[in-house]
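Going down the list, the protein sequences come from chains A and B. Taking this note's numbering, the leading residue of the first sequence gets 1, the next gets one more, and so forth. Taking this note's numbering, the leading residue of the second sequence gets 1, the next gets one more, and so forth. Single-structure report; data block below.
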Amino acid sequence: MSNNIIQLKSPQIKEEDIRKLKKGDIVSISGVMVTGRDVAHKYLKDVFIKNENIPDEEKPILDELKKHLDGGILYHCGPVVNKDENGNYRFSAAGPTTSIREEPYEYDVIKLLNLRGVIGKGGMGDKTLSACQKFGAVYLHAIGGAAVYTAERVKKVIGVLKLEEFGSPEAFWIIKVENFECIVTMDSHGESLHKSLLEQSEKKQKEIMTTF
Amino acid sequence: MKDKNDRYSVIKGNITENRIELFVELIKQASTNLPADVVLALEKQRASEDEKSQARRALDVIMKNIDIAYEKEAPICQDTGTVIFHIHYPEKESLGLLKKELRDAVKLATKKGYLRPNAVDSITGKNSGDNTGFGSPAFYSDVWEKDSLEIKIMLKGGGCENVGAQYPLPDTRLDAGRDINGVKKVILDAVVRAQGKGCAPGIIGVGIGGDRVSGAMAAKEQIFRKLDDLNEDEKLAEVEAEMEKKCNELGIGPMGFGGKTTVLGVKTAKLHRVPASFFVSVSYMCWAARRKKLEITGNQYTIE
Numbered sequence: 001m002s003n004n005i006i007q008l009k010s011p012q013i014k015e016e017d018i019r020k021l022k023k024g025d026i027v028s029i030s031g032v033m034v035t036g037r038d039v040a041h042k043y044l045k046d047v048f049i050k051n052e053n054i055p056d057e058e059k060p061i062l063d064e065l066k067k068h069l070d071g072g073i074l075y076h077c078g079p080v081v082n083k084d085e086n087g088n089y090r091f092s093a094a095g096p097t098t099s100i101r102e103e104p105y106e107y108d109v110i111k112l113l114n115l116r117g118v119i120g121k122g123g124m125g126d127k128t129l130s131a132c133q134k135f136g137a138v139y140l141h142a143i144g145g146a147a148v149y150t151a152e153r154v155k156k157v158i159g160v161l162k163l164e165e166f167g168s169p170e171a172f173w174i175i176k177v178e179n180f181e182c183i184v185t186m187d188s189h190g191e192s193l194h195k196s197l198l199e200q201s202e203k204k205q206k207e208i209m210t211t212f
Numbered sequence: 001m002k003d004k005n006d007r008y009s010v011i012k013g014n015i016t017e018n019r020i021e022l023f024v025e026l027i028k029q030a031s032t033n034l035p036a037d038v039v040l041a042l043e044k045q046r047a048s049e050d051e052k053s054q055a056r057r058a059l060d061v062i063m064k065n066i067d068i069a070y071e072k073e074a075p076i077c078q079d080t081g082t083v084i085f086h087i088h089y090p091e092k093e094s095l096g097l098l099k100k101e102l103r104d105a106v107k108l109a110t111k112k113g114y115l116r117p118n119a120v121d122s123i124t125g126k127n128s129g130d131n132t133g134f135g136s137p138a139f140y141s142d143v144w145e146k147d148s149l150e151i152k153i154m155l156k157g158g159g160c161e162n163v164g165a166q167y168p169l170p171d172t173r174l175d176a177g178r179d180i181n182g183v184k185k186v187i188l189d190a191v192v193r194a195q196g197k198g199c200a201p202g203i204i205g206v207g208i209g210g211d212r213v214s215g216a217m218a219a220k221e222q223i224f225r226k227l228d229d230l231n232e233d234e235k236l237a238e239v240e241a242e243m244e245k246k247c248n249e250l251g252i253g254p255m256g257f258g259g260k261t262t263v264l265g266v267k268t269a270k271l272h273r274v275p276a277s278f279f280v281s282v283s284y285m286c287w288a289a290r291r292k293k294l295e296i297t298g299n300q301y302t303i304e
């Protein structure tokens, strides 16, 4: 683990740059990323992965997502969004949401969109970890609850997809970020901080329980 | 910009005819200004973590975020959660009218961006857009003998709500029997299961006994207690101190990054139970423990 901050420019992050990252590294992301959480993941799986015949009206959505996410980063986040005096969207609170709910979908979503990273909180499971290994991606941890601090890294809302249908927290928000810092907690070499800490804390739990 | 040194002071004022604005202020305070006892506990824990650790770094960001949210009057966390009101009202108060005013205040606070639209129809999946709907916001009310009106609000985020748990004792997996040691084992287990997912360091509310509903209710009510208060029940006060210490030995740390600070406090209550049931209900509150209390006496009010 080093305290040097590694800069990443998203999208079009190279696989080799992701492969260099190790559990515990700190990265700082600048560029474009897209938010997506529960409804978005289910939608991607139902419409583009399970479905043999993709409806014509949904195809432009996938094209738009790929434009911003090919070699890019999906952010598990349901922001508080306001409109400023000029009618532009602005994020006022935008911390990460709990990622484990997307575990049934993430492997396929990483593959579908050619993601290089997923940002969230709380970590994910073995299936996502295997996708990180196989496709060259990392799981990045932001600070849960630090929503205003994080929203300040969001410099601009470029666009939004499925706002009406999904509702504001669940929509795909396409955002421009600067110096968005995260910790690599699951790397592309099969290492997960969440897994090792769970094991350590379970061991400690057993020890403590013998004193009761 | 507001001065962050003012944030701990009690807000006082006179009631005007339209109480909705005051209720919006209550919601704003809850969403943007973390209670003093929680801020102080976080600061104390921040100082205890190793300077170069991820735990320290996480708590640094958390402290900065608390300051910016207060100064900018922006939600501390984007998940402004379930809006929960606990009301104690005098005989003469119309509860129906009060609930209508609070509902209107919730809509207005959503429009102003203090609350995220968080009420989703469980069948159609449609977000109501204004935080109202079936059971939303949540009201719990009781008439009391005092002349004053007390409204407590809690904004309970979904991430931490999801890691709450209810254990029927005995629990074979944990070898937890129907006694205080069994209770301690399942509290510890709930914290281990939660890891960082509930946004550690959390506050652990525990309801010991009751039925499935009253036990869960008692657990959540404990989160309204200040972190530095002492349980009136001597035995429970001991359990609280012991469990806080033991949970912090687990090493889960802020956000589940590892570290000394896994919980900020453990708060317990006991309820009588039927002989056949022994539930231990655990409610996990994230570090962004957003709660405030409004008290109206005559034409004066306080928010703290």
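Beta carbons are placed, not taken as given, at the ideal position from N, Cα and C, and that holds for glycine.
Within the same chain, Met124, Gly125, Lys127, Thr128 come within 7 Å of Glu103/A by CB-CB distance, once the 5 residues on both sides are set aside. Among the residues facing chain A, Val192/B is included, as its CB has a counterpart in that chain under 9 Å away. DSSP places Val81/A in the strand class (E or B) of the three-state scheme.
By the neighbour-count criterion, in which 16 or more other beta carbons inside 10 Å mark a residue as buried, Phe134/B falls on the exposed side. Between the C-alpha atoms of Lys9/A and Gly117/A there is a straight-line separation of about 12 Å. Phe85/B and Pro137/B do touch by the CB rule: their CB atoms are close to 6 Å apart, below 8 Å.
Per the coordinates, the alpha-carbon of Gly167/A lies some 11 Å from the alpha-carbon of Ala40/A.
A distance of 9 Å or more separates the beta carbons of Lys197/B and Lys293/B. Counting only the Cα atoms, Lys52/B lies some 38 Å from Val280/B.
In the assembly as shown, Pro75/B is a buried residue. Its beta-carbon has 16 or more other beta-carbons within 10 Å. Rounded to the nearest angstrom, the Cβ distance from Phe180/A to Ile29/A is 4 Å, consistent with a contact under 8 Å. Per DSSP, reduced to three states, the secondary structure at Met124/A is coil, with no helix or strand assignment. At a cut-off of 9 Å between C-beta atoms, Val148/A counts as an interface residue with respect to chain B. By the rule that beta-carbons nearer than 9 Å mark a contact, Met255/B touches chain A. Taking CB atoms only, Glu249/B has a neighbour in chain A less than 9 Å away. For Lys44/B, the enclosing alpha helix (DSSP H) has its first and last residue at 36-48. A contact is defined here as three or more CB-CB pairs under 8 Å, and the segment 81-99 of chain B meets this definition with respect to the segment 143-160 of chain B. Here the segment 217-236 of chain B makes no contact with the segment 178-194 of chain A; the two share fewer than three CB pairs at distances below 8 Å.
In this structure the segment 65-80 of chain B lies against the segment 146-160 of chain A, because at least three pairs of beta carbons, one per stretch, are closer than 8 Å. Around Thr35/A, the same chain offers Tyr75, Cys77, Trp173 as residues with beta carbons nearer than 6 Å, after the five sequence neighbours per side are excluded.
Chain order gives the chain B residues near Lys204/A as Glu249, Leu250, Gly251, where near means a beta carbon separation below 7 Å. Around the beta carbon of Gln300/B, a 10 Å sphere encloses fewer than 16 other beta carbons of the protein chains shown; the residue is thus reported as exposed. Of all residues in the segment 102-125 of chain A, the ones placed with a Cβ closer than 9 Å to any Cβ belonging to chain B are Lys121, Gly122, Gly123, in chain order. Counting only Cβ-Cβ distances below 8 Å, Gly87/A has no contacts in chain B at all, with the closest Cβ about 15 Å away. Under the Cβ distance rule, Ile5/A does not count among the residues neighbouring chain B, no pair being separated by less than 9 Å. Membership of Pro104/A in the alpha helix (DSSP H) is indicated by the continuous run 103-113.
The beta carbon of Arg212/B does not come within 9 Å of any beta carbon belonging to chain A, so the residue lies off that interface.
Contiguous beta strand (DSSP E) elements confined to the segment 56-130 of chain B occur at 82-90, taking only those with 3 or more residues. In the structure shown, Leu169/B adopts coil according to DSSP, grouped into three states. Note on the segment 140-195 of chain B: whole alpha helix (DSSP H) runs with a minimum of 4 residues are 158-162, 180-194, in chain order. The three-state secondary structure of Ala138/B, taken from DSSP, is strand. As a beta-bridge residue in DSSP terms, Gly265/B pairs with Ile203/B.
Judged by DSSP secondary structure, Tyr284/B falls outside any alpha helix (DSSP H) and instead within the beta strand (DSSP E) spanning 279-285.
Neighbours of Ser201/A across chain B, judged by C-beta separation under 8 Å: Val192, Gln195, Leu250, Gly251, Ile252.
For Gln7/A, the enclosing beta strand (DSSP E) begins and ends at 5-10. Taking CB atoms only, Ile223/B has no neighbour in chain A less than 9 Å away.
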